[in-house]
Each structure stands twice: as structure tokens, then as C-alpha cells.
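*Asks:* Before anything else, here's the structure in question.
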Amino acid sequence: MRKTASKVREAVGIAAAAVFFLLCLFDNAGTSAAVRDSVRRCLDIVIPSLFAMMTASALIVSSGLTTAVPRCVGRLGRAIFGMEGRELPIFTFGMVAGYPVGVKMLCSEYISGHITKRRAELLSGLCFGAGPAFIFGCISGQLYGSRCAGLLILVSTVSANVLLALFMAPFLRRTASAKHAPCRVSVSADMLTDCVLRSGRAMGEICAMIVFFSVAAHFLTAAFGAAAGELPWKLPFLGGITAEAPIAAFLDVTNVAGFPRGDWLLLPLISGLTAFGGICVLMQLAALTRGKLSLVPFIIMRAAAAVLSYIICRGLLPLFMEGEITEVSSIKAESTRSVSPVPSVMLIIMTVALMLEFGSKKETYSTEICTK
Numbered sequence: 146m147r148k149t150a151s152k153v154r155e156a157v158g159i160a161a162a163a164v165f166f167l168l169c170l171f172d173n174a175g176t177s178a179a180v181r182d183s184v185r186r187c188l189d190i191v192i193p194s195l196f197a198m199m200t201a202s203a204l205i206v207s208s209g210l211t212t213a214v215p216r217c218v219g220r221l222g223r224a225i226f227g228m229e230g231r232e233l234p235i236f237t238f239g240m241v242a243g244y245p246v247g248v249k250m251l252c253s254e255y256i257s258g259h260i261t262k263r264r265a266e267l268l269s270g271l272c273f274g275a276g277p278a279f280i281f282g283c284i285s286g287q288l289y290g291s292r293c294a295g296l297l298i299l300v301s302t303v304s305a306n307v308l309l310a311l312f313m314a315p316f317l318r319r320t321a322s323a324k325h326a327p328c329r330v331s332v333s334a335d336m337l338t339d340c341v342l343r344s345g346r347a348m349g350e351i352c353a354m355i356v357f358f359s360v361a362a363h364f365l366t367a368a369f370g371a372a373a374g375e376l377p378w379k380l381p382f383l384g385g386i387t388a389e390a391p392i393a394a395f396l397d398v399t400n401v402a403g404f405p406r407g408d409w410l411l412l413p414l415i416s417g418l419t420a421f422g423g424i425c426v427l428m429q430l431a432a433l434t435r436g437k438l439s440l441v442p443f444i445i446m447r448a449a450a451a452v453l454s455y456i457i458c459r460g461l462l463p464l465f466m467e468g469e470i471t472e473v474s475s476i477k478a479e480s481t482r483s484v485s486p487v488p489s490v491m492l493i494i495m496t497v498a499l500m501l502e503f504g505s506k507k508e509t510y511s512t513e514i515c516t517k
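So the sequence shown is numbered by our numbering: it starts at 146 and just counts up by one.
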């Protein structure tokens with residue numbers, strides 16, 4: 146049976162690859178447009194909002210700053226959330242730093258042997274959240290023209306993570322860390338260079354996954370878009386919006402920018418989608434973890450967080466809507482795109498140059514050692 150199942154999976158994979166190849170071959174215009182749009186999204190949104198956070202998170206883990214948490218704070222975190230002292234900064238930082246940052250930090254801690262695999266998998270669903278640059282720039286700036294909308298989404302998603310952490314506390318207390326590392330904080334130029342290089346590689350993997358998934362999503366939309374667009378949501382508080390926009394946002398959360406502008410009643414749905422992250426983000430996490438961590442607990446917890454975020458946002462919506470009566474036609478969307486993509490392009494070029502320079506120095510150093 147196992148051999149049969151393995152052969153079936155291989156056949157399905159080969160068939161999917163063949164279909165994808167044929168679609169790319171015969172739909173050149175659509176493929177080019179999807180790639181162009183995804184590359185622009187990486188240059189305008191993903192790289193500016195994530196690269197600095199990725200570098201900072203790598204530096205925090207590599208320097209040992211997570212071990213410098215005071216004992217009283219560690220005891221408090223253990224009593225409330227069941228988290229060790231070194232895990233609290235990752236939990237806090239991961240909720241607001243951007244989608245893949247928290248999981249990447251946990252994966253680094255697991256590889257270093259500071260936490261167990263099971264604990265890293267449980268914490269991965271908690272140390273997760275959209276960054277303020279995405280929430281305030283892409284969502285509240287483009288759709289509502291008000292920072293109150295972004296603040297409501299941020300409060301809802303963070304509150305959902307906190308409630309989920311309280312629920313998971315008993316399970317976290319049962320899983321002890323692999324070992325307790327002593328407090329050793331050190332920062333060096335080589336460490337900073339290594340963190341920048343590793344963050345550059347991670348950003349390259351994320352952007353490559355976004356480009357690939359954008360093409361795949363284009364084909365899915367072309368195949369099922371007409372049917373999805375004719376399926377209106379039956380929920381009374383969604384204002385009769387069709388299913389096309391939510392499905393696109395479920396596949397890639399950056400597509401929430403395609404929602405109708407100025408409709409505050411859609412904010413709970415947007416908050417839930419933001420808390421979940423979307424299928425594209427899951428593929429990015431799979432690329433970053435490289436199979437070292439199972440994403441099944443993560444998916445379950447993020448689905449629960451999406452429901453909690455929706456409920457919290459729905460309950461707080463009347464409070465944030467006070468004084469925010471704005472005509473849809475008068476909303477001036479704040480563009481999240483840069484005036485020019487040159488800064489992002491230069492950032493990529495400098496990162497590649499730094500990687501080449503650092504690699505040549507390593508080769509020179511190893512040659513000198515061998516000749517001695």
C-alpha cells in the first residue's frame with residue numbers, strides 16, 4: 146500500500162509539473178504579467194518591510210540577547226504563558242515583526258539546541274503576525290485612509306495571539322526546553338555580516354516563492370475565477386461582497402488591497418485573513434524551515450487565531466468607528482509603492498556584492514590556513 150501511495154504521489158507531482166509547464170508555455174502574457182506584478186510587490190512591499198526585521202531577528206538570536214531576559218520576567222512568562230525567558234522576546238518580536246520572522250527565530254533556536262522540536266512547533270503558531278508596515282501601509286492606508294483601521298487590525302491580531310498563548314500554556318509547560326543556555330551576549334562585525342548575508346538569502350527564498358505562487362495563483366484564478374466571482378457571500382455583515390476577493394486574499398494576503406475601499410464592515414474579515422497569513426506565507430515558511438519543523442500545529446493554531454481575530458475585531462469595531470465617518474469617494478489612498486524601485490534594487494545589488502566579498506574572504510582565509 147505504501148509503495149502504491151508513493152507511486153500515486155509521484156504521478157500526481159509529475160502531472161502537476163507537466164500541466165504547469167504547458168500553462169506557462171501557452172499563456173505567456175498572463176505568466177509575464179503575474180511575474181511582473183509579484184516582482185514589483187517584492188520590491189515595493191516585501192523587501193522594504195521585512196529585510197531589516199529579518200536582519201534584526203538574526204542578530205538577536207546570534208548575539209544571545211534572548212538569554213539576557215531578567216529572571217523575574219522569565220518566571221512571569223512561565224507562570225502566565227508557559228514560556229521560558231528566552232522565548233518571550235521571540236513571542237513579542239514575532240507578533241509585530243512580520244510573518245516569517247518569528248518562525249525563523251524559532252527554527253534558529255531549535256537548530257542551536259536551545260529548544261526542542263515539539264516546543265518550536267507549538268510556539269511557531271504563536272510567534273506570528275503581520276508587520277506594522279504592511280498593516281498600516283497596505284491595508285489601512287490604501288483601503289481606509291485612516292490609521293484607526295490599521296490599529297484595530299493590529300490590536301485584534303495581537304489579542305488573538307495572546308488569548309491563544311493563554312490557551313496553549315498548559316501544553317507548553319509540559320514540554321521542557323532541551324537545555325538552558327547561560328547568559329552570553331556578544332556582538333561582532335563578523336556576526337553582523339553573517340546575519341545580513343543569511344537574511345539576504347532568506348529574502349531571496351521568500352521572493353522566489355512569492356513569484357512562483359503568483360504565477361500559480363494566476364492560473365487558479367483563470368480557471369476558477371469566473372465561478373468564484375459569481376458566488377456571493379451569504380453572511381449578512383459582509384455587505385454582499387463576492388467570493389473572489391476573499392479567495393484571492395486567502396491565497397496571498399497582500400491581495401486584501403483589492404477589497405472595496407472604505408467599507409468598515411469588511412474589517413473583521415480582513416483582520417481574520419491577516420491573522421491567518423494566507424497560503425503563500427505558508428509556502429514561504431516551508432521554504433525557510435526546509436522541513437525541520439512540522440507546519441501542521443502552525444496551520445491549526447493560525448486558523449484558530451483567524452477566528453479569534455475576526456471575533457475581537459467585530460466586537461471592537463464600534464469603538465474604533467466613532468469619529469471615522471468618511472465618504473468612500475473622499476478616501477485618499479496612501480500608496481505603499483515607492484516613487485522608484487531603485488532603492489530596493491540597490492539593496493539587492495549591495496547584498497549580493499556583500500555575499501561575494503564575504504565568500505572570497507573566507508576562501509582566502511582558508512587558503513592561508515592550508516598553506517601554513
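Backbone N, C-alpha and C fix where the C-beta goes; we use that ideal spot for every residue, glycine too. Note that the coordinates shown come from a computational prediction; the quantities given were computed from them, not determined experimentally.
For the alpha helix (DSSP H) that contains PRO442, what are its first and last residues?
*Replies:* For PRO442, the enclosing alpha helix (DSSP H) stretches over residues 441-466.
*Asks:* Contact defined as beta carbons within less than 8 Å: I believe LEU167 pairs with PHE364. What is the distance between those atoms, to the nearest angstrom?
*Replies:* Contact flag wrong, Cβ pair sits at about 10 Å.
*Asks:* Whose CA, out of ALA431, SER439 and LEU462, lies closest to the CA of ARG415?
*Replies:* A small correction: the amino acid at residue 415 is Ile; Arg does not occupy that position in the sequence shown. Here the closest residue by C-alpha is LEU462.
*Asks:* So, under 8 Å CB-CB, TYR255 and LEU438 are touching, yes? Tell me the CB distance rounded to an integer number of Å.
*Replies:* Contact flag correct, Cβ pair sits at about 7 Å.
*Asks:* Assuming contact is defined by CB atoms lying nearer than 8 Å, are SER202 and MET240 in contact in what I supplied?
*Replies:* no
*Asks:* Are the beta-carbon atoms belonging to ILE190 and CYS283 less than 8 Å from one another?
*Replies:* Yes, the Cβ-Cβ distance between ILE190 and CYS283 is below 8 Å.
*Asks:* Checking 8 Å against the spacing of the C-beta atoms, do SER344 and THR200 come in under that value?
*Replies:* yes
*Asks:* Return the residue from the list ARG223, ARG346, GLY423 and GLY247 that minimises the CA-CA distance to PRO391.
*Replies:* GLY423
*Asks:* Within 10 angstroms of the Cβ of GLU229, are there 16 or more other Cβ atoms? Answer buried if so, exposed if not.
*Replies:* Looking at its Cβ environment, which holds 16 or more other Cβ atoms inside 10 Å, GLU229 is buried.
*Asks:* Return helix, strand or coil for GLY417, following the three-state DSSP convention.
*Replies:* helix
*Asks:* If I measure Cβ to Cβ from GLY403 and keep anything under 8 Å in the same chain, skipping five residues before and after, which residues do I get?
*Replies:* ALA390, ALA393 and ALA394
*Asks:* Cβ of ARG319 versus every heavy atom of the ligand FMN: is any distance shorter than 7 Å?
*Replies:* Looking at this structure, you won't find the ligand FMN or any other ligand, since it has none at all.
*Asks:* Relative to the C-alpha of CYS340, which candidate in TYR289, SER285, SER253 and LEU271 has its C-alpha closest?
*Replies:* SER253
*Asks:* Below 8 Å between beta carbons: does that hold for LEU309 and LEU268?
*Replies:* no
*Asks:* Please say whether VAL426 and VAL398 have beta carbons closer to each other than 8 Å?
*Replies:* Result yes, Cβ atoms of VAL398 and VAL426 sit closer than 8 Å.
*Asks:* Would you check if the distance between the CB atom of GLY417 and the CB atom of TYR455 is smaller than 8 Å?
*Replies:* yes
*Asks:* Using CA coordinates, which residue listed in ILE205, ARG292 and LEU433 is at the minimum distance from ALA347?
*Replies:* LEU433
*Asks:* Flag this pair as yes or no: are the beta carbons of GLY276 and MET354 separated by less than 8 Å?
*Replies:* Contact: no.
*Asks:* Between VAL360 and VAL184, how many whole angstroms is the CB-CB distance? I'm expecting something under 8 Å.
*Replies:* Going by Cβ atoms, the distance from VAL360 to VAL184 rounds to 11 Å, so no, they are not a contact pair.
*Asks:* Determine the direct distance from the alpha carbon of ARG435 to that of MET313, and round the result to whole angstroms.
*Replies:* Taking the straight line joining both Cα atoms gives about 25 Å.
*Asks:* Where SER207 and LEU410 are concerned, what is the direct C-alpha to C-alpha distance, given to the nearest angstrom?
*Replies:* 43 Å
*Asks:* Tell me the residue span of the alpha helix (DSSP H) that contains ASP182.
*Replies:* First-last of the alpha helix (DSSP H) with ASP182: 173-186.
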